[in-house]
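Engineer:
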Amino acid sequence: MTETTVVLILVVITALGFDFTNGFHDTANAMATSIATGALRPKVAVLLSAVLNLVGAFLSVEVALTVTNAVVKIQNSDGTPKPELLADGGQALLLIVLAGLVGGILWNLLTWLLGLPSSSSHALFGGLIGSAVAGLGWAGVKWNGDGSKLDGVVGKVLLPAVMSPVIAGVIAAVGTWVIYRVTLGVAARFTENGFRWGQIGSASLVSLAHGTNDAQKTMGVITLALIASGEWTDTKNIPLWVKISCALAIALGTYLGGWRIIRTLGKGLVEISSPQGMAAESSSAAVILASSHLGFALSTTHVATGSILGSGVGKPGAKVRWAVAGRMVAAWLITLPAAAVAGAVMWWIGDLIGGLGGALVVFAILAGLATYMFIRSRRQPVDHNNVNDEWDAPATRPRATAGAAS
Amino acid sequence: MHNLTLAFEGAWKVLLAGLILGAGLPAVFALGIRSLAYGAGGDAEVHATGTTGPKARPIGTVGGYAAFAVVLLGIALGITFVVATGFGKALSFEHIYPTIVDKH
């Protein structure tokens, strides 16, 4: 086994690890509302979401090989790696990808520990941007597109991040308001039951769309690494084992369930009832599907959070915990730069030691920090048993000061 | 600033499509629930305590299920869209009713 092969194996394992964190970080986007309203029991909800993510991942036949092209310049437009990065069996490119993935995973784990629903795609892009800046200089990043279509960090990441939660929030608010108007005069028990079904349906659609969108990204990254090291040459197809392992990784992650994040989204933001839950998930599903149809890249997390907030705004007399929302927005703002710093530091460490040793050290740092954060999480475990407990502390705070944070 | 213009163009379309599908379909679903409650009568509707609620009205039940059918159709369209996109196809609305075409 050559040095490159070992580095390649590390990259593949790390990419699958990212896919796994992507899964459990995003379970909440689809299922938090259904779990909070009791439409589905927590374990059933994560199982349903996992199965739909698995199915969704296999449905995405389209090749997402050029996923990194949106933000960094390590690939040509047909998906092949830039030739200048291919010396030493592609180790230069492998290190950039490895460092970027590690940056993304570390940020995903930290936000999970804090129970904050940050965007996994921002974490991935942030990590890659950081390692590309460290490895190739500022010119290694595609900050802005050429103007013909939405592209670059600004067009693919920043602008959609600002707009999508607002759009989703407006739609969910309108939906919630209309639903409450229409069902005025219907007994509460009757509506709760009916809307639970609507909620399950719309949440399932979100899960399916998530599987098709997000699993693809990791598939693209792994295939890029395979091409860079000469193990794969076809830019039109993805190896079957890559597809299967990515689908399984995201589904397993989803099944594990990021209970901390589910709790924040389902109980922390808004005290949610099933008509609101249905309005929120319908809005998320519609926005995700419509924007992928129109080529408008966005983060499922931002959409889902915007929708849930909107459903709180739209229900007459509902209480929105703006302090929690403010913390979330803060997390969104720092996700990209924080993952970028982590990615850049990882690249410098890897480059300083160099070769196989560098990659091994980076991987060891990832394993160590991941274990540490897991142990920290056990101090205050959140799982399917206590995910729906009352959210008390922030509710007693005055709203005026809390609102200023957002 | 091309990105900004392009983003607003995209955002506008997403908002419109989202309002129709993401708020419109739930509204139809809510109408269905209301219609079902109207059809079931009795305790399904809010009525003065001490009295029995209105009698069952079958027309409401029929209307309710019709509304649910519309919603199911919308969801089927959504799933078709996801699947079609995954296989490199796209949904076209040029004939008003949706057809599956090759992606250009």
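Protein chains in written order, with our numbering: chain A, 48 to 453; chain B, 610 to 713.
Where a beta carbon is used, it is the ideal one built from N, C-alpha and C, also for glycine.
Quantities reported herein were computed from a predicted structural model and do not represent experimental measurements.
Which term fits residue 444/A, buried or exposed, when burial requires 16 or more other beta carbons within 10 angstroms of its beta carbon?
Structural biologist: The residue given as residue 444/A occupies position 397 in the first sequence. In this prediction, residue 444/A scores a pLDDT of 40, lower than 50, which makes its location untrustworthy; the coordinate-derived value is nonetheless stated afterwards. Answer is exposed; the Cβ neighbour count stays below 16.
Engineer: Measure the Cβ-Cβ separation of residue 97/A and residue 301/A and say whether it is below 8 Å.
Structural biologist: Your numbering for residue 97/A matches position 50 in the first sequence. Your numbering for residue 301/A matches position 254 in the first sequence. For residue 97/A and residue 301/A, yes; Cβs fall inside 8 Å.
Engineer: Which residue or residues does DSSP assign as beta-bridge partners of residue 635/B?
Structural biologist: For this step, residue 635/B is matched to residue 26 along the second sequence. DSSP output for residue 635/B lists no bridge partner at all.
Engineer: Where do the N-terminal and C-terminal ends of the alpha helix (DSSP H) with residue 221/A fall, by residue?
Structural biologist: Working through the first sequence from its first residue, we reach residue 221/A at position 174. Where residue 221/A is concerned, the enclosing alpha helix (DSSP H) stretches over 206–229.
Engineer: Should residue 88/A go down as buried or exposed, given a rule of 16 or more other Cβ atoms within 10 Å for buried?
Structural biologist: Locating residue 88/A in the first sequence gives position 41, counting from the first residue. Answer is exposed; the Cβ neighbour count stays below 16.
Engineer: Among 410/A, 51/A and 79/A, which has the Cα closest to the Cα of residue 325/A?
Structural biologist: Along the first sequence, read from residue 1 onward, the residue named residue 325/A stands at position 278. Residue 79/A is the option with its Cα nearest to residue 325/A.
Engineer: For chain A, is any of its Cβ atoms less than 8 Å away from the one on residue 634/B?
Structural biologist: Looking up residue 634/B in the second sequence gives position 25. By this cut-off, residue 634/B is an interface position.
Engineer: Counting along the chain, where does the beta strand (DSSP E) carrying residue 285/A start and finish?
Structural biologist: As a working note, residue 285/A is residue 238 in the first sequence. Careful: residue 285/A lies outside any beta strand (DSSP E) and carries neither H nor E.
Engineer: Does DSSP put residue 348/A in a helix, a strand or coil?
Structural biologist: In the first sequence, residue 348/A corresponds to position 301, counting from 1. Reduced to three states, the DSSP call for residue 348/A is helix.
Engineer: Alpha carbon to alpha carbon, how far is residue 355/A from residue 219/A?
Structural biologist: Taking the first residue of the first sequence as position 1, residue 355/A is located at position 308. Taking the first residue of the first sequence as position 1, residue 219/A is located at position 172. Using only the alpha carbons, I get a separation of about 7 Å.
Engineer: Looking at the secondary structure, which residues open and close the beta strand (DSSP E) in which residue 261/A lies?
Structural biologist: Walking along the first sequence from the start, residue 261/A turns up at place 214. Note, residue 261/A: premise wrong, no beta strand (DSSP E); alpha helix (DSSP H) at 235–275.
Engineer: For the beta strand (DSSP E) containing residue 710/B, list its first residue and its last residue.
Structural biologist: Here residue 710/B refers to the residue found at position 101 when the second sequence is read from its first residue. It spans 708–711 - the beta strand (DSSP E) in which residue 710/B sits, taken as one unbroken run.
Engineer: Between which two residues does the alpha helix (DSSP H) harbouring residue 629/B extend?
Structural biologist: For the purposes of this step, residue 629/B is taken as the residue at position 20 of the second sequence. That residue, residue 629/B, is in no alpha helix (DSSP H); it is neither H nor E in DSSP.
Engineer: Spatial neighbours of residue 431/A within its chain, please: CB distance less than 6 Å, with the 5 preceding and 5 following residues excluded, ordered by chain position.
Structural biologist: Stepping through the first sequence from its first residue, residue 431/A is reached at position 384. Contacts found: 89 and 90.
Engineer: Identify the contact partners of residue 210/A in chain B, using a Cβ-Cβ distance below 7 Å as the criterion.
Structural biologist: Sequence index remark: in the first sequence, residue 210/A carries index 163 (1-based). Within 7 Å Cβ-Cβ: 616 and 620.
Engineer: Helix, strand or coil: which one does DSSP assign to residue 408/A?
Structural biologist: Your numbering for residue 408/A matches position 361 in the first sequence. Reduced to three states, the DSSP call for residue 408/A is helix.
Engineer: Given 8 Å as the limit, is there contact between the region 154–162 of chain A and the region 392–404 of chain A, that is, 3 or more CB pairs closer than that?
Structural biologist: Flag = no, the region 154–162 of chain A and the region 392–404 of chain A do not touch.
Engineer: Could you check where the alpha helix (DSSP H) with residue 398/A kicks off and where it finishes?
Structural biologist: In the first sequence, counting from the first residue as 1, residue 398/A sits at position 351. From DSSP, the alpha helix (DSSP H) with residue 398/A extends over 369–400.
Engineer: Taking CB distances under 8 Å as the criterion, tell me whether residue 689/B reaches chain A.
Structural biologist: For the purposes of this step, residue 689/B is taken as residue 80 along the second sequence, with counting starting at 1. By this cut-off, residue 689/B is not an interface position.
Engineer: Where does the unbroken alpha helix (DSSP H) through residue 311/A begin, and where does it stop?
Structural biologist: If you number the first sequence from 1, residue 311/A lands on position 264. Where residue 311/A is concerned, there is no enclosing alpha helix (DSSP H), given that its DSSP letter is neither H nor E.
Engineer: Using a Cβ-Cβ distance cut-off of 8 Å, determine whether residue 333/A contacts chain B.
Structural biologist: In the first sequence, counting from the first residue as 1, residue 333/A sits at position 286. Cβ-Cβ to chain B under 8 Å: yes for residue 333/A.
Engineer: Nearest by alpha-carbon distance to residue 671/B: which of 665/B, 680/B, 645/B and 693/B is it?
Structural biologist: Numbered from 1 along the second sequence, position 62 holds the residue referred to as residue 671/B. Taking only the C-alpha atoms, the option nearest residue 671/B is 645/B.
Engineer: For residue 427/A, name the three-state secondary structure that DSSP assigns.
Structural biologist: Walking along the first sequence from the start, residue 427/A turns up at place 380. In this structure, residue 427/A counts as coil in the three-state DSSP scheme.
Engineer: Under DSSP, the alpha helix (DSSP H) around residue 167/A begins and ends at which residues?
Structural biologist: As a first step, residue 167/A is located in the first sequence; it is residue number 120 there, counting from the start. 167–183 is the span of the alpha helix (DSSP H), which, as asked, contains residue 167/A.
Engineer: Name the chain A residues whose beta carbon is nearer than 9 Å to that of residue 685/B?
Structural biologist: By one-based count along the second sequence, residue 685/B stands at place 76. In chain order: nothing, as chain A lies at least about 11 Å away.
Engineer: Taking just the CA atoms, how far does residue 224/A sit from residue 378/A?
Structural biologist: Taking the first sequence and counting its residues from 1, the one referred to as residue 378/A is at position 331. Taking the first sequence and counting its residues from 1, the one referred to as residue 224/A is at position 177. Between residue 378/A and residue 224/A, the C-alpha separation is close to 29 Å.
Engineer: Going straight from the alpha carbon of residue 391/A to that of residue 173/A, what length do you get?
Structural biologist: Locating residue 391/A in the first sequence gives position 344, counting from the first residue. Locating residue 173/A in the first sequence gives position 126, counting from the first residue. Looking at the two C-alpha atoms, the distance is approximately 10 Å.
Engineer: So is residue 232/A buried or exposed if we call it buried at 16+ other beta carbons inside 10 Å?
Structural biologist: Translated into positions along the first sequence, residue 232/A becomes position 185. Classification of residue 232/A: exposed, given that the 10 Å Cβ count is below 16.
Engineer: For a quick check, are the C-beta atoms of residue 77/A and residue 262/A less than 8 Å apart?
Structural biologist: Here residue 77/A corresponds to residue number 30 of the first sequence, with the count starting at 1. Here residue 262/A corresponds to residue number 215 of the first sequence, with the count starting at 1. Not in contact: residue 77/A and residue 262/A (Cβ atoms no closer than 8 Å).
Engineer: How many Å lie between residue 71/A and residue 691/B at the Cα?
Structural biologist: Along the first sequence, read from residue 1 onward, the residue named residue 71/A stands at position 24. Along the second sequence, read from residue 1 onward, the residue named residue 691/B stands at position 82. Using only the alpha carbons, I get a separation of about 22 Å.
Engineer: Figure out for me which residue from 319/A, 228/A, 122/A and 333/A has the closest Cα to the Cα of residue 438/A.
Structural biologist: For the purposes of this step, residue 438/A is taken as the residue at position 391 of the first sequence. The residue with the shortest Cα to Cα distance from residue 438/A is 319/A.
Engineer: How many Å lie between residue 256/A and residue 683/B at the Cα?
Structural biologist: Against the first sequence, residue 256/A aligns to sequence position 209. Against the second sequence, residue 683/B aligns to sequence position 74. When rounded, the distance between both Cα atoms is 15 Å.
Engineer: Within the continuous alpha helix (DSSP H) that includes residue 323/A, where are the two ends?
Structural biologist: Numbered from its first residue, the first sequence carries residue 323/A at position 276. Here the alpha helix (DSSP H) through residue 323/A covers 321–340.
Engineer: Hey, how far is the Cα of residue 352/A from the Cα of residue 316/A?
Structural biologist: Translated into the one-based positions of the first sequence, residue 352/A becomes position 305. Translated into the one-based positions of the first sequence, residue 316/A becomes position 269. Taking the straight line joining both Cα atoms gives about 9 Å.
Engineer: With distances taken from CA atoms, which of 274/A, 67/A and 217/A is nearest residue 128/A?
Structural biologist: On the first sequence, position 81 is the one that residue 128/A refers to. Nearest C-alpha to residue 128/A: 274/A.
Engineer: Rounded C-beta distance between residue 403/A and residue 688/B? I'm assuming under 8 Å.
Structural biologist: Here the question's residue 403/A lines up with position 356 in the first sequence. Here the question's residue 688/B lines up with position 79 in the second sequence. Contact doesn't hold; Cβ gap of about 46 Å is too wide.
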